[in-house]
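> Pasting a structure here, questions to come.
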Amino acid sequence: MPLGDTLRHLRQRHGWTQRELARRAGVRVAVVSQLERGRVQDPRATTLRRLALALGTSMEYLTDPAAIPVLHRDVLRYPGTTVPARTFARWQALLTAMDEET
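Numbering of the sequence shown is given in the numbering used here, commencing with residue -18 and proceeding in unit increments.
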């Protein structure tokens, strides 16, 4: 799923307007709009981090939700679950290995 679609989906699931997401993330409304419409090809990491934190997810999920095993995606949908990229990669590898064992 493209970044813009993921961003829109998560924002709408929270019941927020683009303006509300922008306020919570500390970014401009135009940035949210442009990202959702796919007008920005390479967004800044700080922008993605702010949006992910506001939405209660990780930057990794925001940019590539398919990379996260289906059984464990819900872990990243709640506030406070954003983790550093290295930690996330280790967790993802562990969860994938656990899925393969079952």
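In this text, a Cβ means the ideal position worked out from N, Cα and C, and glycines have one as well. Small disclaimer: the values here were computed from a predicted structure and weren't measured.
Start and end of the alpha helix (DSSP H) containing SER39?
Unbroken run through SER39: none, as it is neither H nor E.
> Only counting the same chain, and skipping five residues up and downstream in sequence, which positions put a Cβ closer than 6 Å to that of GLN(-1)?
These residues qualify, in order along the chain: VAL10, VAL13, SER14.
> How many Å lie between HIS(-5) and GLU81 at the Cα?
Their Cα atoms are separated by approximately 33 Å.
> From GLN73, LEU(-12), MET79, pick the residue whose C-alpha is nearest to that of THR28; which is it?
Out of GLN73, LEU(-12), MET79, LEU(-12) has the C-alpha closest to the C-alpha of THR28.
> Could you pull out every residue in the same chain whose Cβ sits closer than 6 Å to the Cβ of ARG71, ignoring the five residues on either side in sequence?
Counting only Cβ-Cβ distances below 6 Å, and skipping sequence neighbours, we find nothing.
> What's the gap between the Cα of GLY19 and the Cα of THR44?
Distance between the alpha carbons of GLY19 and THR44: 12 Å.
> Excluding the 5 residues flanking ARG30 on each side, which residues of the same chain have their C-beta closer than 7 Å to its C-beta?
So the list reads MET40, once near-sequence residues are dropped.
> Please report the residue range of the alpha helix (DSSP H) in which VAL13 lies.
Looking at the DSSP string, the run of the alpha helix (DSSP H) that includes VAL13 is 10 to 17.
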